[in-house]
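Reading the sequence shown from the start, the letters are residues 1 to 550 in UniProt numbering.
Cβ coordinates follow ideal geometry from the N, Cα and C atoms, glycine included.
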Amino acid sequence: MTERSTLFSLSRRRLLITTSAAAAAALFATKGLTPAQAAETPRSGGDITFLIDSLGDTWIPNNSAISSFQGHIWGHVTDKLLYVDAEGKVSPWLAERWQQNAEATEFTLHLKSGVTFSDGSPLDAAAVVANLDIWYAGRKNEGINPIGLFPKTYDHAEAVNATTVKVFFKKPTLGFIPTLGYHGSILVSPKTIAQPASQQADLSKTAGSGPYVVDSWKEGDFVKLVKRKDYNWGPAAVGHTGPAFLDSITYKLVSEPSLRVASVQSGQADVAYNASPQELKSLKEEGFTVATPRYLGFVNGWAINTKLAPFDDVKVRQALQAGINRQEIIDTVYTPDWQLAKSFIQSNVPGATDHSALLAYDPDKAEKLLEEAGWVKGADGVRVKNGKPLAITLHSNPYLATSKSIDELIVQQLGKIGWKVDIRAYDVVTFGEKVKYGGPAVPAYEVTRSFIDAGTVASILTNANNGENWFALGESDAKLNELRDKIAGAASIDVRNPVLDELQKYVLEQGYFIPRTQIVQRIYVQSPSLKGEVYNGVAYASYYTAFVSD
């Protein structure tokens with residue numbers, strides 16, 4: 001493994017921004033570009049540097065594929081069976097076509113032939129079965145976890161022949177096909193899967209089938225990818241299937257946001273990840289590319305732990321729902337690129353419905369609910385009941401750069417109606433260790449999480465089928481369980497969507513989930529000479545189709 005470090009010096013303070021489209025169908029018709037630029041023919045060659053604020057804590061594929069940071073690398077080193085665009089549309093990739101039975105319990109995948117992993121082994125039906133098995137079960141005794149959003153109803157898969165896989169589920173699993181495009185569902189070589197966790201954690205030993213391979217890397221510093229010249233199986237939806245145009249992509253860790261941006265301004269880097277939203281308007285006017293794609297998934301908000309007092313009281317949760325001024329968050333922390341939450345899932349998710357009325361800012365309603373629940377304002381403005389203050393601790397999510405700024409604003413908003421709010425901020429590793437859904441010391445878990453299919457939502461909110469039990473309800477809420485089971489048992493979208501609508505309304509009414517805003521977790525600032533990138537359904541930038549303009 002070769003180690004290499006790169007130092008970035010600062011020279012001039014200039015950043016140019018336009019907005020890139022996410023739709024694969026408009027691959028080179030990027031927002032903000034002129035028709036001449038949009039029609040520019042891609043050319044091969046060129047090396048780019050992408051500055052990122054973290055590279056996560058492990059490269060074990062099953063454990064790191066859901067990381068907001070490592071997903072950038074996996075998206076170039078590995079492929080998926082299906083492609084999902086920014087609007088949730090599913091299209092072929094390594095699975096050229098598929099069928100399912102009427103009950104959505106059996107699926108047949110027909111694979112593209114001739115695909116190989118970078119270690120030379122074939123990406124055939126046996127390899128796909130090996131991946132499906134590890135996504136579902138992991139090897140927990142070795143520290144290799146299952147993929148969190150892979151269907152818990154999975155039974156087994158069989159290789160019918162070299163290019164055909166049959167997949168069986170214990171119950172209807174309508175979301176299986178879309179989930180094959182989820183960024184955790186990455187295909188790696190069976191040889192990689194067979195390696196112990198210690199070897200899988202070495203990125204240089206992971207073999208994927210993607211358009212790039214790992215050239216060199218250094219823990220906590222950089223990852224350099226170089227293109228695979230024999231690659232010829234890209235997703236048709238992005239308008240290109242052959243080798244990548246760029247020769248190399250280097251992901252370099254630079255923790256300071258202003259340094260990342262300044263390096264792009266000076267021409268010493270090509271992309272800065274997670275710039276400050278407040279900079280975007282003025283920078284956009286100068287001409288560089290800025291993208292703020294929304295991913296398919298949950299909005300940014302809190303999953304409330306109903307086991308902890310006072311959040312076991314529905315009136316307290318409803319007061320929390322009414323006491324957040326969401327428009328002020330957008331006006332203060334963000335820009336018009338951000339949107340108000342309308343549900344607890346993003347509005348671009350197929351099946352999402354508009355429940356904005358349940359999220360209206362109404363401090364008078366919030367105060368009335370708290371008074372009805374027995375919380376009385378003291379002389380210091382903090383409400384008290386049975387000698388205890390009305391308090392909540394917020395753990396700012398390190399995966400969202402603006403999380404602490406939002407928390408600081410919410411301290412003021414809730415303070416006006418009698419809450420005492422504390423903020424704790426951890427780095428990515430510590431957050432993962434200390435902050436858990438329904439944890440004994442975590443009243444509100446801040447969600448920044450993507451998914452591909454809305455059917456996944458019901459199964460993870462409770463503890464059914466090894467779900468994640470977000471609200472610490474177990475099986476105690478009969479209505480939530482009924483809605484969950486109806487969604488899980490639906491064999492068609494037409495049957496599922498009305499129930500999904502009812503679930504969204506119920507969760508918000510009960511104050512189980514407190515939305516803040518629709519999430520833009522991944523902000524990209526890019527050199528105007530770099531063109532042709534595509535943003536997928538979970539808002540990762542793919543540079544497989546990108547090129548450096550003359």
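So residue i is in the alpha helix (DSSP H); what residue range does that whole segment cover?
i           : result
Leu259      : 257-265
Leu82       : Here Leu82 belongs to no alpha helix (DSSP H); instead the beta strand (DSSP E) covers 82-84.
Phe431      : 428-434
Trp135      : 125-137
His72       : 71-77
Leu480      : 478-489
Lys385      : Premise fails: Lys385 lies in the beta strand (DSSP E), 383-385, not in any alpha helix (DSSP H).
residue 552 : A query on residue 552 cannot be resolved here, the shown segment of the chain reaching from 1 to 550 and no further.
Val317      : It should be pointed out that residue 317 corresponds to Arg in this sequence rather than to Val. Note, Arg317: alpha helix (DSSP H), 314-322.
Arg294      : Segment: none, Arg294 is in no alpha helix (DSSP H) and carries neither H nor E.
Ala366      : 363-372
Distance, Cα to Cα, residue i vs residue j?
i      : j      : result
Val254 : Lys368 : 48 angstroms
Glu433 : Trp470 : 17 angstroms
Gln100 : Ser185 : 19 angstroms
Val223 : Arg449 : 24 angstroms
Ala379 : Pro389 : 12 angstroms
Ile345 : Glu328 : 20 angstroms
Thr164 : Tyr182 : 21 angstroms
Glu475 : Asp453 : 23 angstroms
Gly418 : Val382 : 4 angstroms
Glu286 : Leu55  : 30 angstroms
Ser276 : Gln518 : 17 angstroms
For residue i, does the count of other Cβ atoms within 10 angstroms reach 16, so buried, or fall short, so exposed?
i      : result
Ile493 : exposed
Asp47  : exposed
Thr41  : exposed
Glu446 : buried
Asp230 : exposed
Ala441 : exposed
Gln199 : exposed
Ala125 : buried
Gly175 : buried
Using a Cβ-Cβ cut-off of 7 angstroms (strictly less than) and excluding sequence neighbours within five positions of residue i, which residues of its own chain qualify?
i      : result
Asp155 : Phe168, Phe169, Lys170
Asp427 : Pro398
Lys486 : Val499
Thr153 : Phe169, Lys170, Lys171, Thr173, Asn465
Glu468 : Tyr437, Ile460
Skipping 5 residues on each side, what residues in its chain have a beta carbon closer than 6 angstroms to that of residue i?
i           : result
Gln318      : Leu369, Gly511
Phe245      : Pro42, Ser44, Phe547
Gly489      : Pro172
residue 563 : Absent from the model: residue 563. The displayed extent of the chain is 1 to 550, so no value can be given.
By Cβ distance below 8 angstroms, which residues in the same chain neighbour residue i in space, the five residues on each side in sequence not counted?
i      : result
Ala322 : Ala360, Tyr361, Asp362, Pro363, Lys365, Ala366, Leu369
Ile271 : Inspection of the sequence shows that residue 271 is occupied by Val rather than by Ile. Hits under 8 angstroms: Ile48, Thr49, Phe50, Leu51, Val264, Tyr524, Val525, Gln526, Ser527, Leu530, Ala541.
Asp119 : Ser189, Lys191, Thr192, Ala207
Ala137 : Pro146
Residues bridged to residue i by DSSP?
i      : result
Leu225 : Val214, Ile249
Val271 : Phe50, Gln526
Gly208 : Val188
Val538 : Looking at the DSSP assignment, Val538 forms no beta bridge with any residue, so it has no partner.
Ile423 : Leu394
Thr116 : Pro122
Phe169 : Tyr154
Ser450 : Gly297
Tyr445 : Ala303
Could you spell out where the beta strand (DSSP E) holding residue i opens and where it closes?
i      : result
Pro515 : 513-517
Gln200 : Taken as a continuous stretch (DSSP letters only), Gln200 belongs to no beta strand (DSSP E), being part of the alpha helix (DSSP H) at 197-200.
Ser91  : 90-92
Is any beta-carbon of chain C found at less than 7 angstroms from that of residue i?
i      : result
Tyr361 : Any reference to chain C falls outside this structure, which holds one protein chain only.
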